[in-house]
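What follows is one structure encoded as structure tokens, with my remarks underneath.
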Amino acid sequence: KDPKIITIDIETKVVNGIHTPYLFSIYDGKNTKSFFSDNPSELFNYILRRKYDGYTIYAHNLSMFDIIFLLKYIPDLQKDEFKIKIIKKDNKFISIKIYNNTKNISVTFRDSYLLLPSSLSKLSAQFKVETPKGIEPVFVGDPNSPYFMSDLSHYSKQIEKIEDFNIWQDKIKLYCETDCISLYQVLIKFRTLVFDKWSISIDKYPTIPSLAFAIYRSGYMPENTIPLTNGKIFNFIQESFTGGSTEMYKPHGKNLFCYDVNSLYPSVMKDNIFPTGNIIQFDGDITLLSKEMYWFADSDVNTLKDLYQPYLQIHHKTNGGMRTVAPNGSFSMKINSVEYFNSLKDYDILIKNGYVFNSTQIFKNYVEEMYSLRLEYSKKDPMNYIAKLLMNSLYGRFAMKPINNQYAFCNWGEFMKLSEKYLINDYIQFNPNSLFVDYTDSSQLEKDHKVSIGISSAVTAYARILMSNFKNNPKYNLYYTDTDSIFVDKKLEDALVGDKLGQFKLESNIQEAIFLAPKIYAYK
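Residue numbers (our numbering): 4 to 527.
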């Protein structure tokens with residue numbers, strides 16, 4: 004069916020160190036429209052018409068930038084009897100639905116960056132659209148003009164300096180509208196490619212993980228195998244989901260080699276078994292049973308000797324918040340069965356209780372299909388990029404936390420009533436009598452919580468096992484490791500290096516490197 008898609012873009016200027024909007028543009032697939040204004044009122048008036056009922060409005064990087072220029076004006080729409088429904092996760096606005104059933108008007112704002120996480124410039128080139136992103140014109144004429152840009156240091160891209168105001172005004176309008184057209188063409192091409200290949204419409208899915216999960220369910224997921232985890236089971240297994248390992252071991256090195264794993268998570272997803280089927284609670288030593296069972300256990304751990312590079316990691320609460328650490332000595336942890344068997348040479352582990360599952364290979368067909376698409380199409384082809392996104396975005400969807408937070412725009416009186424009934428998590432005050440409130444309704448907790456965190460925990464456990472092969476390894480001096488990369492003082496064996504999934508690629512020959520802490524390093 005015809006796409007009901009609108010794209011918008013907002014141009015801003017920096018005033019006293021603060022980004023301030025001055026231009027709003029829109030494209031509906033046929034026509035463009037622009038408004039020179041410091042607020043989106045005209046934009047809302049133009050969009051909130053019956054003509055655009057059912058449309059999705061995309062802005063690139065809406066949730067991290069453009070949203071701040073829309074949010075404070077959305078409460079005014081409630082005066083015209085529009086209702087607002089917001090879905091927000093991890094400080095990102097997934098969608099904002101604005102609707103009035105009496106007027107038959109409903110539109111939904113989404114962030115296209117959550118579907119296609121790359122710059123518009125790169126996307127327009129990748130998707131080979133007819134209207135690529137242009138070069139931004141910057142006004143450098145009259146210093147007394149509110150549009151005069153005296154400081155150009157924050158620009159990291161190519162710009163066009165213009166001294167004539169009228170020429171600049173025409174060009175900035177064209178530039179903003181061109182961005183809208185370019186984004187629209189990218190989305191339409193993306194939409195067409197996905198539907199033609201998998202018969203799935205992107206219209207229903209606001210993020211790339213949700214789209215990947217829909218494609219996986221449509222033709223790759225074995226029936227009746229994925230266990231849903233919620234409540235105390237979710238909370239128990241969540242403690243084993245500690246992510247990748249990032250450690251600094253040596254602060255300084257010369258003549259090093261930096262290697263990355265090709266698609267680490269998809270590579271371990273393809274060939275390994277995962278927790279599936281019914282969930283059974285157990286007490287005692289589950290290791291006496293078959294190794295074919297997959298389990299998560301509460302355990303007491305002791306290192307057999309102090310390890311230079313310990314690799315069983317836990318989340319540890321500190322005054323500065325939660326930290327991920329791999330300790331020596333004695334500690335307790337929730338452990339994956341595969342990490343248990345991998346670590347017995349270095350650790351003494353007492354299993355106390357936990358949850359046991361069947362085990363099945365569930366991702367092989369999905370990963371192989373996506374990988375074959377990457378091999379079939381060149382890196383310049385959009386299908387290669389789409390397959391890469393879908394291949395790398397699936398695993399995290401199984402661990403998605405339930406979205407229990409709800410949001411409302413209200414005045415102080417309404418805020419006080421909400422605080423009497425619900426737990427207030429946070430709020431933003433726009434003006435003396437307008438607030439945006441984040442609250443939790445306890446009656447909605449655990450509803451429709453369709454996730455399987457054990458699968459995501461297993462993916463990261465397999466990845467940590469692969470990377471642990473380079474820890475305490477006499478063949479190499481390991482200086483630093485991130486989730487999927489290592490810095491070592493010797494080249495890896497030829498068998499480990501290549502273009503296949505799970506093989507390593509040499510990223511850099513390093514003359515000298517300094518490692519200060521996890522994620523903080525420099526080299527040349």
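Even glycine gets a Cβ: it sits at the ideal position worked out from N, Cα and C. As the structure is a computational prediction, the values presented were derived from the model and not from experiment.
Starting from residue i, trace the beta strand (DSSP E) both ways and give me its first and last residue.
i	result
F507	507-520
A411	408-413
I338	333-339
P225	Where P225 is concerned, there is no enclosing beta strand (DSSP E), given that its DSSP letter is neither H nor E.
F151	Careful: F151 lies outside any beta strand (DSSP E) and carries neither H nor E.
F112	108-114
F96	95-103
N428	426-434
E133	Note, E133: premise wrong, no beta strand (DSSP E); not H, not E.
K527	First-last for K527: undefined, no H or E at that position.
T484	481-485
K86	86-92
T59	58-62
So which of the options has the shortest CA-CA distance to residue i?
i	options	result
D5	S109, R52, K16, K192	K192
K3	K383, Y252, N434, S422	The question about residue 3 has no answer here: the residues shown for the chain are numbered 4 through 527.
T2	T279, I99, L118, S121	The chain is shown only over 4 to 527; residue 2 falls outside these bounds and no answer can be derived.
A516	L481, K176, V440	L481
I101	P149, L51, S362, E133	L51
I77	Y442, K522, C413	C413
N265	K308, N395, F151	N395
D93	E423, N407, G505, Y465	N407
Y380	E166, I165, Q129, K308	Q129
F433	A411, D263, I389	A411
L118	G457, S213, F39, T232	S213
F38	W201, K348, M224, L26	L26
S293	Y314, F344, C261, F260	F344
Q506	G20, A466, S243	A466
K131	P225, D384, T290, V141	D384
D167	P140, K160, E180	P140
G332	Y49, Y350, Y150, Q241	Y350
S66	V17, N42, W298, I89	I89
L392	K176, I97, I175, P269	P269
T105	F85, F96, D114, T228	F85
I282	R53, Q316, W171, N227	N227
D199	M386, P225, F244	M386
E242	E510, F299, G501	F299
N34	D444, Y49, Y116	Y49
Y442	Y483, N436, E423	E423
Residue i bridges to which residues according to DSSP?
i	result
I456	Answer by DSSP bridge pairing: none, since I456 is not bridged.
E588	Nothing about residue 588 can be reported from this structure: the residues present for the chain run from 4 to 527 only.
N538	Past the edges of the chain, shown from 4 to 527, lies residue 538, and the structure says nothing about it.
P278	S362
G324	T321
S44	S44 pairs with nothing; no bridge assigned.
F38	F27
M470	Note: M470 sits in no beta bridge, so no partner.
H255	I517
I14	At residue 14 the sequence reads Glu, which differs from the Ile that was named. E14 is bridged to L26.
K7	Answer is none; K7 lacks a bridge partner.
T306	Y350
V440	A411, Y430
I3	In the structure as shown, the chain begins at 4 and stops at 527. Residue 3 is therefore absent and cannot be evaluated.
V500	F507
D263	S488, K508
E295	Answer by DSSP bridge pairing: none, since E295 is not bridged.
E250	T484
Along the chain, where does the alpha helix (DSSP H) containing residue i start, and where does it finish?
i	result
D274	267-274
M386	385-396
F72	70-74
I77	Element bounds for I77: n/a, residue is neither H nor E.
E369	Note on identity: in this sequence residue 369 is Tyr, with Glu being the wrong assignment. Y369 -> alpha helix (DSSP H) spans 367-379.
S124	123-129
F237	234-241
Does the beta carbon of residue i come closer than 7 Å to any beta carbon on chain C?
i	result
S511	The structure shown has no chain C; it contains just one protein chain.
* Is it a yes or a no for the region 323-331 touching the region 368-377, going by three-plus beta-carbon pairs under 8 Å? -> no
* **Cβ contact (3+ pairs, closer than 8 Å) linking the region 174-193 and the region 119-127** => yes
* Within the chosen definition, does the region 252-261 reach the region 327-346 through at least 3 CB pairs nearer than 8 Å? -> no
* To do: Ignoring anything shorter than 3 residues or poking outside the region 172-223, list the beta strand (DSSP E) runs there in chain order.
  => none
* To do: Take every Cβ of the region 231-240, pair it with every Cβ of the region 349-361, and state whether three or more of those distances are shorter than 8 Å.
  => yes
* Is there contact here, the region 290-307 with the region 391-402, by at least three beta-carbon pairs under 8 Å? -> no
* Asked: So, do the region 271-279 and the region 476-490 have three or more beta carbon pairs nearer to each other than 8 Å?
  -> no
* Asked: Do three or more CB pairs link the region 203-216 to the region 140-149 at distances below 8 Å?
  -> no
* Asked: Touch check for the region 4-18 and the region 52-68: three-plus C-beta pairs under 8 Å?
  -> yes
* Asked: Should the region 215-230 be called in touch with the region 362-370, which here means at least 3 C-beta pairs below 8 Å?
  -> yes
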